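Colleague:
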Amino acid sequence: MAYAKYNNISIEGISVCVSDKWTSLYDISEQDEKTISKFMKRTGVTGRYDAGVRQTSADFCYSAAKELIEKNNIPLNKVGVLVLVTQTADYNTPSTACVLQMRLGLDTNCIAFDVNLGCSGYVNGINIVSSLLNSVDAEYGLLLCGDTTAKEKSQKYRTRLTNSASMLFGDAGSATLLRKKTEADNISILLNTDGEGFKALITPYGGWRNPDVDDPSELADYMDDIEVFNFATTKVPEQIFNIMKINGTTIDDYDCLALHQANLYIMKQIQKKTGFSSEQMLVSIDKFGNTSSASIPTALVANFGDDNSDRVIRIMGSGFGVGLSWATIDMAVNVKNVLPVIQTSEYFEDGYNKIN
Amino acid sequence: MTEREKLAMLEEMLELEEGALNVDMELDDIEEYDSMSKLSLIVLMEDEFGVKLDANTIRGFKTVGDILKLMV
Chain G
640 MAYAKYNNIS IEGISVCVSD KWTSLYDISE QDEKTISKFM KRTGVTGRYD
690 AGVRQTSADF CYSAAKELIE KNNIPLNKVG VLVLVTQTAD YNTPSTACVL
740 QMRLGLDTNC IAFDVNLGCS GYVNGINIVS SLLNSVDAEY GLLLCGDTTA
790 KEKSQKYRTR LTNSASMLFG DAGSATLLRK KTEADNISIL LNTDGEGFKA
840 LITPYGGWRN PDVDDPSELA DYMDDIEVFN FATTKVPEQI FNIMKINGTT
890 IDDYDCLALH QANLYIMKQI QKKTGFSSEQ MLVSIDKFGN TSSASIPTAL
940 VANFGDDNSD RVIRIMGSGF GVGLSWATID MAVNVKNVLP VIQTSEYFED
990 GYNKIN
Chain L
34 MTEREKLAML EEMLELEEGA LNVDMELDDI EEYDSMSKLS LIVLMEDEFG
84 VKLDANTIRG FKTVGDILKL MV
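From first to last, the protein sequence lines stand for chains G and L.
Just so it is clear: in the first sequence, position 11 is 650 by this note's numbering, and no numbers are missing.
Just so it is clear: in the second sequence, position 68 is 101 by this note's numbering, and no numbers are missing.
1. May I ask you to list, following chain order, the residues of the stretch 59-83 of chain L that have a beta carbon less than 7 angstroms from some beta carbon of chain G?
2. In the DSSP assignment, what are the bridge partners of leucine 830 of chain G?
3. Are the C-beta of alanine 170 of chain L and some C-beta of chain G separated by less than 8 angstroms?
4. Taking C-alpha atoms, which residue in G/Gly914, G/Gly757, G/Ile767, G/Val852 lies nearest to threonine 788 of chain G?
5. Can you look up valine 84 of chain L in the DSSP assignment and give me helix, strand or coil?
6. Between the stretch 680-689 of chain G and the stretch 921-935 of chain G, do at least 3 Cβ pairs fall closer than 8 angstroms?
7. If we define contact as Cβ-Cβ less than 8 angstroms, is isoleucine 91 of chain L a contact residue for chain G?
8. Could you give the distance in angstroms between the alpha-carbon of alanine 839 of chain G and the alpha-carbon of asparagine 869 of chain G?
9. Entirely within the stretch 751-810 of chain G and at least 3 residues each: give me those beta strand (DSSP E) ranges in chain order.
10. Run the CB neighbour count on threonine 967 of chain G, radius 10 Å, all protein chains shown included, and call it buried at 16 or more, exposed below.
11. Show which residues of chain L have a CB atom less than 8 angstroms away from the CB atom of glutamine 919 of chain G.
12. Identify which residue in G/Ile981, G/Met883, G/Asp945 has its Cα closest to the Cα of glycine 956 of chain G.
13. Which residue or residues does DSSP assign as beta-bridge partners of asparagine 646 of chain G?
14. So which residues on chain G does aspartate 87 of chain L lean against when the C-beta distance must stay under 7 angstroms?
15. Let me make sure I understand the geometry here. Which of G/Ser916, G/Leu807, G/Tyr986, G/Thr889 has the alpha-carbon closest to that of serine 934 of chain G?
16. Which residues bound the alpha helix (DSSP H) around phenylalanine 678 of chain G?
17. Could you confirm whether any beta carbon from chain L is found closer than 8 angstroms to the beta carbon of valine 655 of chain G?
18. Look at the alpha carbon of glutamate 79 of chain L and the alpha carbon of leucine 86 of chain L, and state the distance between them as a whole number of angstroms.
19. Can you list, in chain order, the residues of its chain whose CB lies under 6 angstroms from that of isoleucine 890 of chain G, leaving out five sequence neighbours each side?
20. Within 10 Å of its beta-carbon, does tryptophan 847 of chain G have 16 or more other beta-carbons around it, so buried, or fewer, so exposed?
21. Report the partner residues of tyrosine 861 of chain G according to the DSSP bridge assignment.
22. What is the DSSP secondary structure of threonine 983 of chain G, reduced to helix, strand or coil?
23. Closer than 7 angstroms by beta-carbon distance: list the chain L residues that pair up with glutamate 866 of chain G, in chain order.
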């Protein structure tokens, strides 16, 4: 069983950054009002923050990370781990995490790399950063999770997408600051993968397996929504029950259920099957859309970011999706360390300048 | 459960007027039977009839009657 437990890692801060432009679905979609209203009712999405033309996931993650470093006065040479979970990296190579190590001004005594995971990426990322912190001489680690899926899906060549997919996603980047301590609240994590379902959510062309496309529309993503729905509503409740069984907890031990904001219908099914109350379940998909690996921190920030109270909450979090991969976390965080949402129009030109 | 009662369940799920469906109707001709409705159908079948629908079964449905056959 891929179960991990840490008693020496604390979540010192969570922040999320989006663009300064929020748009209602009525102004995004070309579909008729009735269809859009129906979509809103079922998925819970009412609008989203769209990345600016030049803004990337890395730009959002950078702003979120910078805020955490500044607010917590973190000495830059003490951050020894930086992991970026994204499916919309700045470059195919190198890992965008290396660019962000430089941009954040971190010491070169730092491990930095990207992880290609989607909606299970936040929980997987917490596990990666926590285990790395335990294996190297570093006090702090940064987990950055971000995707500009809305931008990706609105590109003109992605014409094979269903219309609904073009309305579901939002763009966001998050940062979570982890610290190695002598003692901390327990973090426990349960992880699963089932590659049998790899075709259920896939961008089949454009990589090295199928590099050539006759028509740019071939570059589109595919989603088998029925298979994904059956997967999410079966495997996720199972995993949540399993982690509670291992930890000897019940739903009453948790202040909230922070699910990946897949769509409200799926989330409600999972909430119902696990027995959590609708009050416990955090929702941010209404305003932010499905923000992929950033959606669990987005749900936390949307619900606690403006709450300055000094109290520790226990969170049952679960991310699930592309892979197929699913991961559940039992963790605690002080509400005062969950920062308000940051909005920015900032982007960076730190890339490669072509030399003729 | 009578055939009409089963049809009524599907009509409610699809937010259609009572009596809008009959067993011979082709699903492709029902505008309301879209991708999200198929997810609602999965939930309805599991909650009400204990039937777990997979993707292939749902793709195999051609008419309203095909769904009704599993509502037992």
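We put the CB at the ideal spot given by N, CA and C, even for glycine.
These numbers were taken from a predicted model, which means no experiment stands behind them.
Modeller: So, to answer that:
1. Ser68, Met69, Lys71, Leu72, Ile75, Val76
2. G/Ala641, G/Ala966
3. Lying before the first or after the last residue shown, residue 170 of chain L is absent from chain L, which here runs from 34 to 105.
4. G/Gly757
5. coil
6. yes
7. yes
8. 11 angstroms
9. 779-787
10. buried
11. Under the 8 angstroms cutoff, chain L gives no residues; its nearest Cβ is about 20 angstroms from glutamine 919 of chain G.
12. G/Met883
13. DSSP output for asparagine 646 of chain G lists no bridge partner at all.
14. Asn869
15. G/Leu807
16. 672-682
17. no
18. 8 angstroms
19. Gly914, Phe915
20. exposed
21. G/Ile841
22. strand
23. Ala88
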